[in-house]
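Heads up, the thing below is written out as structure tokens.
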Amino acid sequence: MTTPRTIEEYLDQLRAALSGADPALVQDALYDAEDHLRSELAENSGKSEAEVLAKIATSYGAPEEVAGIYVDKEHQVQHALRPPPLKPRSSTLGRFFGIVADPRAYAALFYMLLSLATGIFYFTWAVTGISLSIGLSILIFGIAFAVLFFGTVRVLSLVEGRIIEVMLGERMPRRPLYSDRDKPLRERVKEMFTDPRTWSTLLYMLLMLPLGILYFTTAIVGLSVSISLAVSPIVKAITGWGIININDDHYAPPLWATPFTLVIGVFLFVALLHLARGVGHLQGALAKHLLVKSAA
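Now the structure itself:
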């Protein structure tokens, strides 16, 4: 591979060396590299890009070397953060109930409960920001407000990415998209408005309200029904209150039915954990598709 003579060539070679890697990892690596290269170029203002890059090749590393370091570090980090593998189950029942020991399933269930709050916030922020940006566009400070709003959208994208990565285990960017501060402000603003990820992030924020309602409702109903079935006969025997209220009359299965309702309640709770795990995979894939810049 030829020695890069410009920062763009270096980044292109680094992107090619990271071909096939996770797009979130690629975004982080490109951000770190560009930030370092431009900082070095600013400190050596009397030298050309080619001279600075030749010097950096021996300190920061050639693109293929940097790519290898990032991939190796990513494997180490993911291995350290990955929860202990579950014991393989040979039977169908074993595989079904084995999810009870999976911490990711509980984290995904908690994400479903949290998604209503985050969905309301994201939706409100996006709709309010878009409305005000359009409404204020006829005023002098309208463009400045729109730029500020879209800047907050990028910040919220990183915040949601951290939530997704911690709770759902999907690798998300830990760095923002790089913005060259040496470029004219008008050009940087143009890049932000023409970046497809800006608009896909807004779409994600709008989608989170209906998805949050769906996730929260499913989680609450699943938890309520499973727990109620499991303990309702005992609660009825102790307090006289049942899980069904009709005209202030409370009904519940008789105490002798406790073993059956307990089994059904546990079965429904385990099924809810499976559902939460599936929701986690789907939500992680949606976030990766809409919030992460393509590595291509």
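Our numbering applies: residue 235 is where the sequence shown begins, and numbers increase by one. Glycine included, C-beta positions come from ideal geometry on N, C-alpha and C. Being a predicted model, the structure only gives us computed values, none of them experimental.
Check                                                                                                           : Outcome
Straight-line gap, Gly-395 to Arg-409 (C-alpha atoms, nearest Å)                                                : 10 angstroms
Cβ neighbours of Phe-344 in the same chain (closer than 8 angstroms, five flanking residues each side left out) : Met-401
Straight-line Cα distance separating Asp-269 from Ala-339                                                       : 37 angstroms
Start and end residues, alpha helix (DSSP H) containing Met-346                                                 : 337-369
Residue from Gly-254, Ile-303, Leu-327 and Tyr-244 whose Cα sits closest to the Cα of Ala-284                   : Tyr-244
Environment of Glu-299 [buried if 16+ CB atoms lie within 10 Å]                                                 : exposed
DSSP three-state assignment for Glu-404, whether helix, strand or coil                                          : coil
Bounding residues of the alpha helix (DSSP H) (the contiguous stretch that carries Arg-257)                     : The sequence shown places Pro at residue 257, not Arg. First-last of the alpha helix (DSSP H) with Pro-257: 257-277.
C-alpha distance - Gln-312 paired with Ala-263, whole-angstrom precision                                        : 16 angstroms
Euclidean distance between Cα positions of Ser-434 and Leu-463                                                  : 42 angstroms
Leu-411 (DSSP reduced to helix, strand or coil)                                                                 : coil
Coarse secondary structure for Ser-466, derived from DSSP in three states                                       : helix
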